[in-house]
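Residue numbering for the sequence shown follows this note's numbering, starting at 7 and increasing by one per position.
Here a beta-carbon is modelled for each residue, glycine too, at the ideal position from N, C-alpha and C.
Quick notes on the structure that follows.
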Amino acid sequence: MSTILVIAEEKNHQIRNATLEVVTAAAGLAASHGGRVAVLLLSSAAVDGASLAACGADRLLAAVDPRLAVYHPDLFKQIVLKAVAMTGADALFFSATSMGRDLAPRVAAALSAPCLADCTEVTMQDGTLTATKPLFAGKVLGRFILNGDKKVVSLRAGVFSIMERRPSAEVAFEPLPVPDSAFPLQATPTPASDVGRVDVGDADVVVTGGRGLRSAENFALVEELADALGGAVGATRAVVDSGWRPHREQVGQTGKVVSPDLYFMIGASGSIQHWAGMSGSRCIVAINKDSNAPIFQRADYGLIGDLFEIVPALTAELKKRSA
């Protein structure tokens, strides 16, 4: 493997942790096989690339244009294909975010390359790239060999550690021209309510609420606890389907896959579909009045009782201790 191309993502002009995890994983693989790591950033404004270089990137490419604030599949695919041609990359690594899951197969199809999504391990043996991913809602792990001149994978966020391999490395961004073709979408400002809140896919702490909260208004309890912990708000599919919370907060098989240090599950039973999206959490705390809820079989800590009493008391204690 000569060059691994990592497709980077940023939020609020900061490189996302999920991207730094992918760069670290790619750098480790490249170092053990004499390869190099190139990183492509698509952004609406200039971003500091020091963290990318520190994690092992040898080359940085940047496509910067205000109109790139909105993800458009065809345009982003064109830019990635230009980067592949510039770098001669034979492997492309994405993060398994909502954008990565959509863009990776599009690029793979254009390259006639195999594509494997949501991988939890990537190895190289005798020049062959092998990747592992969970199957059947996380019940089993499948190991796949990717053949061909080009390979495309996306890596599950929160599984790979971030490591600064070269803390003092300095690598400047090379500009990558954005195609002059018309942009079919226009950027719209992020709603004010979303500004400053941690994305559920990047958070070290996630507080998820279920139907046990009874209404959208009662999610204020979840938000207050998440803010006290410096975390993100998550939601079950039932909550999102009810219109209580936006889909971007959904955790589970049909939502986002998260692996935070601390995961609170409040008023939710813990279905296998939800478990598939948060089973990588390092510590799980469940709060539910039903002692037979499935989540208690998997949680590290369980509180059986009325969430409307437990959550406010817990939040108040956290605020008191941090004051």
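query	result
Apply the 10 Å Cβ neighbour rule to SER49 and answer buried if 16 or more other Cβ atoms are within range, or exposed otherwise.	buried
To the nearest angstrom, how far is it from the Cα of ASP208 to the Cα of GLY40?	31 Å
Taking Cβ to Cβ, would you say LYS17 is nearer than 7 Å to ALA97?	no
Take VAL390 and list the residues in its own chain whose beta-carbon comes closer than 6 Å to its own, dropping the five residues that flank it on each side.	The first residue shown for the chain is 7 and the last is 329, placing residue 390 beyond what the model contains.
Is VAL228 helix, strand or coil when you go by DSSP?	helix
Given this structure, state the Cα-to-Cα distance separating CYS125 from VAL263, to the nearest angstrom.	11 Å
Between which two residues does the beta strand (DSSP E) carrying ASN294 extend?	290 to 294
Tell me the DSSP secondary structure of PRO173 in three-state form.	coil
Would you mind stating whether GLY133 and GLY216 have Cβ atoms separated by less than 7 Å?	no
Need the endpoints of the beta strand (DSSP E) that LEU309 sits in, please.	307 to 310
Tell me, please, whether the stretch 298 to 310 touches the stretch 254 to 263 by the rule of three or more beta-carbon pairs shorter than 8 Å.	no
With a CB to CB cut of under 6 Å and the five nearest residues on each side skipped, what residues in its chain are close to ILE278?	ALA143
Give me whichever residues DSSP pairs with GLY215 in a beta bridge.	ALA241 and ILE272
In angstroms with no decimal places, state the Cα-to-Cα distance between MET130 and LEU35.	7 Å
Report the rounded CA-to-CA distance for VAL356 versus GLU15, giving the unit in angstroms.	The structure shown has nothing for residue 356, since the chain only spans 7 to 329.
Kindly confirm or deny that the stretch 214 to 233 and the stretch 307 to 322 touch, where touching means at least three C-beta pairs closer than 8 Å.	yes
Please report the distance separating the alpha-carbon of LEU135 from that of THR93.	19 Å
One question on the structure: do ALA163 and ALA24 come within less than 7 Å of each other, judged by their Cβ atoms?	yes
Any C-beta of chain B sitting closer than 7 Å to the C-beta of LEU26?	The structure shown contains no chain B; it holds only a single protein chain.
Can you tell me where the alpha helix (DSSP H) holding LYS326 begins and where it ends?	313 to 328
Pick from ILE290, ALA75 and PHE82: whose alpha carbon is nearest that of ALA116?	PHE82
Assuming PRO120 and GLY154 form a contact by the criterion Cβ under 8 Å, report the distance between their Cβ atoms to the nearest whole angstrom.	6 Å
Put GLY148 into one of helix, strand or coil per three-state DSSP.	strand
Does DSSP put ASP132 in a helix, a strand or coil?	coil
Do you know whose CA, among ILE310, SER221 and PRO266, lies nearest CYS289's CA?	PRO266
Quick check: the Cα distance between ARG171 and ARG65, rounded to an integer number of angstroms?	15 Å
Does the beta-carbon of ILE151 have 16 or more other beta-carbons within 10 angstroms, so that it is buried, or is it exposed?	exposed
Relative to the C-alpha of TRP5, which candidate in VAL206, ALA175, ARG220 and VAL146 has its C-alpha closest?	There is simply no residue 5 to check, as the chain begins at 7 and stops at 329 in what is shown.
Could you compute how far the alpha carbon of ALA33 sits from the alpha carbon of ALA56?	15 Å
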